[in-house]
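*Asks:*
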Amino acid sequence: MECVYPSKARKWLGPKRHPTPASRDSSLITSPAGELPMTAFSGDDMRFFHHFLVAAHPHLPYGNEHSWTMRVPRYAHAYPCLMHAILSLGATHYALLAPNGSQYASTAIIHRGKALKALGTALGKGPEATNTEMDVILATCYTLVFQAYQMNDGLVDFAVMVRGCGIVTGWILERFQTSQMFTLQTESDVDALIAGELSDEPLSTPHSIEALLVAMHKLPPLLNSPAHHRFFHAIRNTLAAMQISMKRTFVNLTSIYAVWYQMENKEFLTFIAPANHVSRALFLFFLAVELIMQPVFLKLNGFKGHKPPVTMSLVHQWADTIYGELPASVREYVQVPTEMILADGGLRAVISQRAAFSDLHTLFSDVEGSTWLGCM
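Take the sequence shown: its position 283, counted from the start at 1, is 283 in the UniProt record's numbering, and no numbers get skipped.
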């Protein structure tokens, strides 16, 4: 999974700013609500917090690995939205990897629900929110992006929270021009960072890329909204870039995420609606792009060639679910990406551990909708 900065919009990419010395002063880490009482957390919660630090923290914004392990956690005790988001991601990741980890699934979703409720409260401050509070909101969004990517029904949640990351980043850059918590990179900064990591060679899957491009040429008659057309072109351009170089592909990939956060509220709601089968078909091509990009993501994120089983096994589940819910008239257009994703294999046994997630997640669907879809 890669949620990178859209290259075409300054809302996401602002001037590279370094945290000021004052931002490191613990006296700034305060909350109107005061510190969270430690009695509210269990021994398991402390385990999840530790797991977040050592294994499950996000790797975005790009170039901010140190922030997630050294800076962000210092704010968690004072901001419920961030603390519960951290615990949710830590618990979700731990539940998927630990023996008998499914017993922690309900805890992960409960923390997610609490994070979303607290996030709604934080967003409610509007223009009165401080720079620190906006940074905390952004950190919460990124954490929930990565948590959604590890849920067996998390594709829409993922898109919603990616949208949140882009919009909140825009707010921060517009109001404060800098972040105390993260070093925000310009497009040229990111290019420089990846210059030594990615080659100018095309991706080594030419047959898969060509097959997807051929399949996409059949889609235009289905597209019935500007959002469909923008999403279609962003995916197709990324596939075309794969035939040129890894670097160009990485840059083009950002435009896919930009499509989501540049939509108006009503347009986005229509785009992600369950009955929008064309959007779901396009998401299958997006997931195929994510699959092909895995070697690039692994290289950039330091996995040293070892595929993270959690993420990709759930992407297979997403694809299987989407395909199963499409009408026959649309399925014929998505055979290529669906077969490509499912043929990849991907440790399906992990999915069986996730049965407890789906039902509990519905308890908080209204909270998530009111928090993001009504505010952005």
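All C-beta atoms in this analysis are idealised placements derived from N, C-alpha and C, irrespective of residue type, glycine included.
Owing to the predicted nature of the structure, the values given are computational and were not obtained by experimental measurement.
With DSSP run on the structure shown, which of helix, strand or coil describes A9?
*Replies:* Residue numbering aside, residue 9 sits at position 9 when the sequence shown is read from its first letter. For A9, the predicted model reports a pLDDT of 35, less than 50, meaning its position is unreliable; a value from the coordinates is still stated below. Of the three classes helix, strand and coil, the one that applies to A9 here is coil, per DSSP.
*Asks:* Does DSSP put L291 in a helix, a strand or coil?
*Replies:* On the sequence shown, position 291 is the one that residue 291 refers to. DSSP places L291 in helix when its eight states are reduced to three.
*Asks:* Can you tell me whether A129 is helix, strand or coil according to DSSP?
*Replies:* What you label residue 129 is simply residue 129 of the sequence shown in a count that begins at 1. A129 falls in the coil class under three-state DSSP.
*Asks:* Whole beta strand (DSSP E) runs in the stretch 143 to 208 with 3 or more residues, listed along the chain?
*Replies:* If we require 3 residues or more, the stretch 143 to 208 turns out to have no beta strand (DSSP E) run fully inside it.
*Asks:* In the DSSP assignment, find the unbroken alpha helix (DSSP H) run with L89 in it and report its ends.
*Replies:* In the sequence shown, the residue the question calls residue 89 occupies position 89. P80 to L97 is the extent of the alpha helix (DSSP H) around L89.
*Asks:* Following the continuous alpha helix (DSSP H) through G43, name the residue where it begins and the one where it ends.
*Replies:* Counted from its first residue, the sequence shown places residue 43 at position 43. G43 to H51 is the extent of the alpha helix (DSSP H) around G43.
*Asks:* Do A288 and M246 count as a contact pair if the criterion is CB distance below 8 angstroms?
*Replies:* Taking the sequence shown and counting its residues from 1, the one referred to as residue 246 is at position 246. Taking the sequence shown and counting its residues from 1, the one referred to as residue 288 is at position 288. Contact flag unset, no.
*Asks:* Within 10 Å of its beta-carbon, does Q317 have 16 or more other beta-carbons around it, so buried, or fewer, so exposed?
*Replies:* Here the question's residue 317 lines up with position 317 in the sequence shown. Buried, since its Cβ has 16 or more Cβ neighbours within 10 Å.
*Asks:* Give me, in chain order, the residues of the same chain whose beta-carbon lies closer than 7 angstroms to that of residue 379; leave out the 5 immediate sequence neighbours on both sides.
*Replies:* Missing from the structure shown is residue 379; the chain here goes from 1 to 376 and no further.
*Asks:* Go to I235, then tell me how far its alpha helix (DSSP H) extends in each direction, as first and last residue.
*Replies:* Taking the first residue of the sequence shown as 1, we reach residue 235 at position 235. Here the alpha helix (DSSP H) through I235 covers P226 to M242.
*Asks:* Under a Cβ-count criterion, where at least 16 other Cβ atoms within 10 Å of its own Cβ denotes burial, should E133 be classed as buried or exposed?
*Replies:* By one-based count along the sequence shown, residue 133 stands at place 133. Looking at its Cβ environment, which holds 16 or more other Cβ atoms inside 10 Å, E133 is buried.
*Asks:* Can you tell which of M161, V330 and A211 has the C-alpha that lies nearest to the C-alpha of A258?
*Replies:* As a first step, residue 258 is located in the sequence shown; it is residue number 258 there, counting from the start. Measuring from the Cα of A258, the nearest candidate turns out to be M161.
*Asks:* Could you check how far apart the C-beta atoms of N237 and S255 are, in whole angstroms? I think they sit under 8 angstroms.
*Replies:* Residue mapping note: residue 237 aligns to position 237 of the sequence shown, counting from 1. Residue mapping note: residue 255 aligns to position 255 of the sequence shown, counting from 1. Right, the Cβ-Cβ distance comes to about 7 angstroms (below 8 angstroms), so this counts as a contact.
*Asks:* So for D135, helix, strand or coil by DSSP?
*Replies:* The sequence position of residue 135 within the sequence shown is 135, counting from 1. Looking at D135 - three-state DSSP - the assignment turns out to be helix.
*Asks:* Going along the chain, which residues of its own chain have a beta-carbon closer than 8 angstroms to the beta-carbon of M38, five neighbours each way excluded?
*Replies:* As a first step, residue 38 is located in the sequence shown; it is residue number 38 there, counting from the start. Because the pLDDT at M38 is just 48, under 50, the model does not fix this residue reliably, and the value given afterwards should be weighed accordingly. Nothing listed; no residue qualifies.
*Asks:* Which same chain residues end up closer than 6 angstroms to K114 when comparing Cβ atoms and leaving out the 5 residues on each side of it in sequence?
*Replies:* Start at 1 with the first residue of the sequence shown, and residue 114 comes out as number 114. So the list reads H84, once near-sequence residues are dropped.
*Asks:* Please go through the same chain and pick out, in chain order, the residues whose beta-carbon is closer than 7 angstroms to the beta-carbon of I86, but skip the five residues on each side of it.
*Replies:* The sequence position of residue 86 within the sequence shown is 86, counting from 1. Correct list, in chain order: F49, F52, A76 and T143.
*Asks:* How far does the alpha helix (DSSP H) with K247 in it extend, from its first residue to its last?
*Replies:* Within the sequence shown, the letter at position 247 stands for residue 247. Looking at the DSSP string, the run of the alpha helix (DSSP H) that includes K247 is M246 to Q262.
*Asks:* Among E174, L219, P221 and L198, which one has its Cα closest to the Cα of N131?
*Replies:* Along the sequence shown, read from residue 1 onward, the residue named residue 131 stands at position 131. Closest by alpha carbon: E174.
*Asks:* Would you mind sorting H57 into buried or exposed? The rule is 16 or more other CB atoms within 10 Å of its CB.
*Replies:* Residue mapping note: residue 57 aligns to position 57 of the sequence shown, counting from 1. The residue is buried, with at least 16 neighbouring Cβ atoms inside 10 Å.
*Asks:* Reducing DSSP to helix, strand and coil, say where V334 ends up.
*Replies:* As a position in the sequence shown, residue 334 is number 334, starting the count at 1. In the structure shown, V334 sits in coil (DSSP, three-state: anything other than H, G, I, E or B).
*Asks:* Taking a contact to mean a Cβ-Cβ separation below 8 angstroms, would you say V168 touches L82 in this structure?
*Replies:* Counting from 1 along the sequence shown, the entry for residue 168 is found at position 168. Counting from 1 along the sequence shown, the entry for residue 82 is found at position 82. No.
*Asks:* What number of angstroms, rounded off, separates the C-alpha of A129 from the C-alpha of Q294?
*Replies:* Taking the sequence shown and counting its residues from 1, one reaches residue 129 at position 129. Taking the sequence shown and counting its residues from 1, one reaches residue 294 at position 294. Distance between the alpha carbons of A129 and Q294 is about 37 angstroms.
*Asks:* Measuring straight from C-alpha to C-alpha, what distance separates K266 and F231?
*Replies:* Position 266 of the sequence shown, counted from the first residue, corresponds to residue 266. Position 231 of the sequence shown, counted from the first residue, corresponds to residue 231. Taking the straight line joining both Cα atoms gives about 16 angstroms.
*Asks:* Is it buried or exposed, A40, if we count other Cβ atoms within 10 angstroms and call 16 or more buried?
*Replies:* Taking the first residue of the sequence shown as position 1, residue 40 is located at position 40. It counts as exposed.
*Asks:* Using DSSP with H/G/I as helix, E/B as strand and the rest coil, what is G101?
*Replies:* For the purposes of this step, residue 101 is taken as residue 101 along the sequence shown, with counting starting at 1. Helix, per DSSP.
*Asks:* Can you tell me whether A108 is buried or exposed, with buried defined as 16 or more other CB within 10 angstroms of its CB?
*Replies:* If you number the sequence shown from 1, residue 108 lands on position 108. So A108 ends up on the buried side.
*Asks:* Can you name the start and end residues of the alpha helix (DSSP H) that A76 belongs to?
*Replies:* By one-based count along the sequence shown, residue 76 stands at place 76. Run containing A76: P73 to A76, per the alpha helix (DSSP H) assignment.
*Asks:* Note down the Cα distance separating T205 from L96, rounded to an integer number of angstroms.
*Replies:* The sequence position of residue 205 within the sequence shown is 205, counting from 1. The sequence position of residue 96 within the sequence shown is 96, counting from 1. Taking the straight line from one Cα to the other gives about 29 angstroms.
*Asks:* Can you give the Cα-Cα distance for M263 and P99, rounded to whole angstroms?
*Replies:* Counting from one through the sequence shown, the residue named residue 263 turns up at place 263. Counting from one through the sequence shown, the residue named residue 99 turns up at place 99. The straight-line gap from Cα to Cα measures roughly 42 angstroms.
*Asks:* Just verifying my parser: in three-state terms, what is the DSSP assignment at Y62?
*Replies:* By one-based count along the sequence shown, residue 62 stands at place 62. Reduced to three states, the DSSP call for Y62 is coil.
*Asks:* Contact check, A148 vs M181 under 8 angstroms by CB: the rounded distance?
*Replies:* Counting from 1 along the sequence shown, the entry for residue 148 is found at position 148. Counting from 1 along the sequence shown, the entry for residue 181 is found at position 181. In fact, because the Cβ distance is near 21 angstroms, the residues do not count as touching under 8 angstroms.
*Asks:* Given that a residue counts as buried once 16 or more other Cβ atoms are within 10 Å of its Cβ, and exposed if not, what is P220?
*Replies:* As a first step, residue 220 must be located in the sequence shown, where it is residue number 220. Classification of P220: exposed, given that the 10 Å Cβ count is below 16.
*Asks:* Starting from the C-beta of N276, find all residues in its chain whose C-beta is less than 7 angstroms away, skip the five residues before and the five after it, and write them out in chain order.
*Replies:* Position 276 of the sequence shown, counting from 1, holds the residue named residue 276. Within the same chain, N276 has close Cβ partners T270.
*Asks:* Which residue comes first and which comes last in the alpha helix (DSSP H) that contains K266?
*Replies:* By one-based count along the sequence shown, residue 266 stands at place 266. Its alpha helix (DSSP H) spans residues N265 to I272.
*Asks:* In angstroms with no decimal places, state the Cα-to-Cα distance between E201 and I244.
*Replies:* The residue given as residue 201 occupies position 201 in the sequence shown. The residue given as residue 244 occupies position 244 in the sequence shown. Whole-angstrom Cα-Cα distance: 7 angstroms.
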